[in-house]
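>
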Amino acid sequence: MDKKQCNTSQDPEVRKGPWTMEEDLILINYISNHGEGVWNSLAKAAGLKRTGKSCRLRWLNYLRPDVRRGNITAEEQLLIMELHAKWGNRWSKIAKQLPGRTDNEIKNFWRTRIQKHIKQADQQQSNSNSEINDHQASTSQVSTMAEPMETYSSPCYQGMLEPFSTQLPNIPDQSSCCTNDNNNYWSMEDFWSMQLLNGD
DNA sequence: AACAAAGACAACCGCGAGTTC
DNA sequence: GGAACTCGCGGTTGTCTTTGT
């Protein structure tokens, strides 16, 4: 049997792309009633025209009641950077050290925020040290970052930590940053409140 | 006000590991 | 023992939003 078949079905019935609120509700209702199970069967049993894989991802990254959404705090940023230095791109491993955060969220955070800063810092560094450190400044660490930072000698990481660490005294309250500042997200807490009220 | 570029996030894909039969 | 199947991970792409011109 072709492994790909279970992942990328040719079935035109299989939906792709952004999840609708209705699909989210179906998935939440099904899991709250039956629990998590074999995802492919779950998708079918729940009546969702999605792959099991898609359902799993949606549940883990977005719908789970313990998922924390919203800004990553300075404290978390520091922790991510420390753990990335230790383990490299082991996002799921890093995510386990950050309760409520998903590997996908951390991965995206790293790519969009931290790599940008590294790139900038690296450019500044290479500009100032271009004559001295040609071989260091021209490494490909920004493009992949696939290895633990401990293997890198670039001083840009040192500079990276400072802006975050200086923010530490002003770490915002996590509960407020996750709810009040994200009006464009509909709250999963609402769903779970509804579930509780419905006695499900 | 309209458009383009950049940023941020959600979702998909391919692959390897683990499990079941 | 090995084929079939599922799960989980990391990389990549697509889409929506925000910002700048």
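In the working numbering, the protein residues as written are 627 to 826.
From the three backbone atoms N, C-alpha and C, an ideal C-beta is built for every residue, glycine too.
I'd like to check one pair, K733 with S717: are the Cβ atoms closer than 8 Å?
Per the sequence shown, residue 717 should be read as Trp rather than Ser. Cβ atoms of W717 and K733: closer than 8 Å.
> Are there 16 or more other CB atoms within 10 angstroms of the CB of S667, so buried, or fewer, so exposed?
exposed
> Is the stretch 699-711 in contact with the stretch 664-678, if contact means three or more CB pairs nearer than 8 Å?
Because the criterion of three Cβ pairs below 8 Å is not met, the stretch 699-711 and the stretch 664-678 do not touch.
> Beta-carbon within less than 6 Å of I740's beta-carbon, same chain only, minus the 5 sequence neighbours each way: which residues are those?
Nothing listed; no residue qualifies.
> Looking at the unbroken alpha helix (DSSP H) that takes in W665, where does it start and where does it end?
665-671
> Going by alpha carbons, who is nearest to R694 out of N730, T646, A711?
Minimum Cα distance to R694 is reached at N730.
> Helix or strand or just coil, what does DSSP make of L787?
For L787, the predicted model reports a pLDDT of 46, less than 50, meaning its position is unreliable; a value from the coordinates is still stated below. Three-state result, L787: helix.
> Only counting the same chain, and skipping five residues up and downstream in sequence, which positions put a Cβ closer than 8 Å to that of V835?
The chain is shown only over 627 to 826; residue 835 falls outside these bounds and no answer can be derived.
> Please state if the CB of Q723 and the CB of L704 are separated by a distance shorter than 8 Å.
With respect to the 8 Å criterion, L704 and Q723 are not classified as neighbours on the basis of their beta carbons.
> Output the boundary residues of the alpha helix (DSSP H) element that contains E708.
Unbroken alpha helix (DSSP H) run through E708: 700-713.
> By alpha-carbon positions, which one of F735, R682, I720 ends up nearest to V664?
R682
> Counting C-beta neighbours from all protein chains within 10 Å, is the total for R727 16 or more, i.e. buried, or is it exposed?
Buried is the call here.
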